[in-house]
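Undergrad: In my numbering, the protein residues as written are 573 to 930.
All residues carry an ideal CB built from backbone N, CA and C; glycine is no exception.
Bear in mind the structure is a predicted one, so any value in this text is a computation, not a measurement.
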Amino acid sequence: MAALIAVLLLGVYAAAQFKAGGKALQALFDWDLRTGAIIGAVMVLCYGFSGGLRASVWTDAAQSVVMIVAMTVMLTTAVFTVGGWQSAWTGLHEVSPTFFQFFPADSAASGLTGVLLFLVGWTFAGAAVIGQPHVMVRFMAVNDVKNIRRARTYYYLWFVAFYTLAVGVGMMARLLMDQGAVDPSLVMSGGELDAELALPVMADVLLHPVATGLVLAGLFAATISTVDSLILSCSACLSRDLMPKRWHGYGTARIATLVVVGVSLTIALFAEENVFNLVLFAWGVLGAAFGGLLVVYALGGRPREPLAIAMIVVASSVAIGWRLSGLNATIFEVLPALVSAWLVYGVGRVCGLSGPAK
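Structure follows, in structure tokens:
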């Protein structure tokens, strides 16, 4: 059950990354969106076949450096295009006074209740990382528990630096379009503004072709560094958890990888949802499906198989239903889904479906 859910959702998540690569090439070279998606799929397939998880880890390290450098170049160039940091700060306030408000206007207007819902909702959205198989496999692969602290330090230093740069670039894209330095018509797709084209268009307009290539490399690094982990986790679920033991082996794993890449690429080529929505959907349901159960395990609970399956199914159903009903606009679906999983566990314990805690 867990493997089936993981295969479906990791495949959707991977499709979103392929689509992002396609959009980058579409914006810079006016190529068909499918071309970039296919190029990304072939790249991942090649080194995933040859090196597996080790290849994914080492390429991620290199890709992280490229991403940091590319975003630093982009933000610095954008700021000096508008006249420096002071001009950028003033201009952003003029474009939208809400840019620097920590809480959204509707949450703040609701008073303390709205602010608490905002904080709790996004805290649980972050906590959904414990339900992501492609992330947790990295912890499982650590050779010594003592290295977890060092890995955590590296991760958070990179995370804070990169996301600060990314948010800054996003804000500057809005300012540059407002001031006319970047033509908003270049960021249109299907007659509507497509925010996901802003970064490659900015790079093409503002930078020397060599620097534009660096930003394109950063975009591909961001997508490929995620998609390789997703594909490997997905193919492992398919070849190890869903296949009989007699079929386990390298041959089956490679065939599974090929199938997963093919299906994810197909979704990327034909899905109408944008990248951000696909990622949010997959992230939310994966976090909901496995997060609640993993927390119970970590705290010493030992639910029996029927109870564990019930927790996974109920949490996944609540997350999907919450999003489809539009309630995720109020609070992210991970919170109600995890709460539902823990309620199921509580009822199961009362009914004797959980073994003694360890």
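1. So, under 8 Å CB-CB, Leu865 and Ala880 are touching, yes? Tell me the CB distance rounded to an integer number of Å.
2. Should the region 630-650 be regarded as contacting the region 768-775, the criterion being three or more beta carbon pairs within less than 8 Å?
3. Do three or more CB pairs link the region 855-865 to the region 575-583 at distances below 8 Å?
4. Alpha carbon to alpha carbon, how far is Ala723 from Gly763?
5. From Thr662 to Pro669, what distance separates their C-alpha atoms?
6. Answer yes or no: do Thr644 and Ser797 have a C-beta to C-beta separation smaller than 8 Å?
7. Starting from Gln658, follow the alpha helix (DSSP H) in both directions and report where the run begins and ends.
8. What residues in its chain sit with their C-beta under 8 Å from that of Ala738, if we drop five residues either side in the sequence?
9. In its own chain, which residues sit with a C-beta less than 7 Å from the C-beta of Ala793, not counting the 5 before and 5 after it?
10. If we count the other Cβ atoms within 10 Å of its Cβ and call it buried at 16 or more, is Lys817 buried or exposed?
11. According to DSSP, which residues form a beta bridge with Glu764?
12. Using a Cβ distance threshold of 8 Å, determine whether the region 740-759 contacts the region 782-789, with at least three qualifying pairs required.
13. So, at 6 Å on beta carbons, what are the nonlocal neighbours of Ala588 in its own chain, with the 5 sequence-adjacent residues on each side left out?
14. Please report the Cβ distance between Leu617 and Leu830, rounded to the nearest whole angstrom; I am assuming they are in contact, meaning their Cβ atoms lie under 8 Å.
15. Which one of Leu871, Gly898, Ala901 and Phe904 has the shortest CA to CA distance from Trp914?
16. With respect to the alpha helix (DSSP H) encompassing Thr670, which residues constitute its N-terminal and C-terminal limits?
17. Examine the Cβ distances between the region 600-614 and the region 739-752 and report whether three or more of them are shorter than 8 Å.
18. Identify whether Arg876 lies in helix, strand or coil by the three-state DSSP scheme.
19. Taking only heavy atoms of the ligand SAM into account, decide whether any of them is closer than 7 Å to the Cβ of Cys809.
20. Ordered along the chain, which non-local residues of its own chain (more than five positions away) have a Cβ less than 8 Å from that of Gly927?
21. Rounded to the nearest angstrom, what separates Met712 and Ala767 at their Cα positions?
22. Check this for me: beta carbons of Ala909 and Trp894, under 8 Å apart or not?
23. State the DSSP-derived secondary structure class of Gly927, mapped to helix, strand or coil.
24. Quick one: using the 10 Å Cβ neighbour count with 16 as the cut-off for buried, is Ser801 buried or exposed?
25. Assign Thr725 to one of three DSSP states: helix, strand, or coil.
26. With H, G and I counted as helix, E and B as strand and the rest as coil, what does DSSP make of Ala843?
27. Considering Cys809, what are the terminal residues of the alpha helix (DSSP H) in which it resides?
28. I need the DSSP call for Asp750, collapsed to helix, strand or coil.
29. With respect to the alpha helix (DSSP H) encompassing Gln589, which residues constitute its N-terminal and C-terminal limits?
30. Return helix, strand or coil for Thr902, following the three-state DSSP convention.
31. Can the beta-carbon of Ile884 be found less than 8 Å from the beta-carbon of Ala574?
32. What residues in its chain sit with their C-beta under 8 Å from that of Val667, if we drop five residues either side in the sequence?
33. Using 10 angstroms around the beta-carbon of Ile702, count the other beta-carbons present and answer buried if the total reaches 16, otherwise exposed.
34. Straight-line CA distance for Phe862 to Ser888?
TA: Straight from the coordinates:
1. 6 Å
2. yes
3. Judged by Cβ distances under 8 Å, the region 855-865 makes contact with the region 575-583, as three or more pairs qualify.
4. 44 Å
5. For the pair Thr662 and Pro669, the Cα-to-Cα distance works out to about 10 Å.
6. Taking 8 Å as the Cβ cut-off, Thr644 and Ser797 do not qualify as a contacting pair.
7. Trp657 to Val667
8. Met643
9. Gln635, Val638 and Met639
10. exposed
11. Paired residues: Ser761.
12. no
13. Val847, Leu850 and Val851
14. 7 Å
15. From the listed residues Leu871, Gly898, Ala901 and Phe904, the smallest Cα separation to Trp914 is found for Leu871.
16. Taken as a continuous stretch (DSSP letters only), Thr670 belongs to no alpha helix (DSSP H), as it is neither H nor E.
17. Cβ pair count under 8 Å is below three, so no.
18. Three-state DSSP puts Arg876 in coil, outside helix and strand.
19. Absence of the ligand SAM is noted for the structure shown, with no ligands found whatsoever.
20. Arg874, Pro875 and Arg876
21. 36 Å
22. yes
23. Gly927: strand per DSSP, three-state reduction.
24. buried
25. helix
26. Ala843 carries a coil assignment under DSSP once its states are collapsed to helix, strand and coil.
27. Here Cys809 belongs to no alpha helix (DSSP H), and DSSP marks it neither H nor E.
28. helix
29. Ala574 to Phe601
30. Here Thr902 sits in coil by DSSP.
31. yes
32. Arg746, Leu747 and Asp750
33. buried
34. 9 Å
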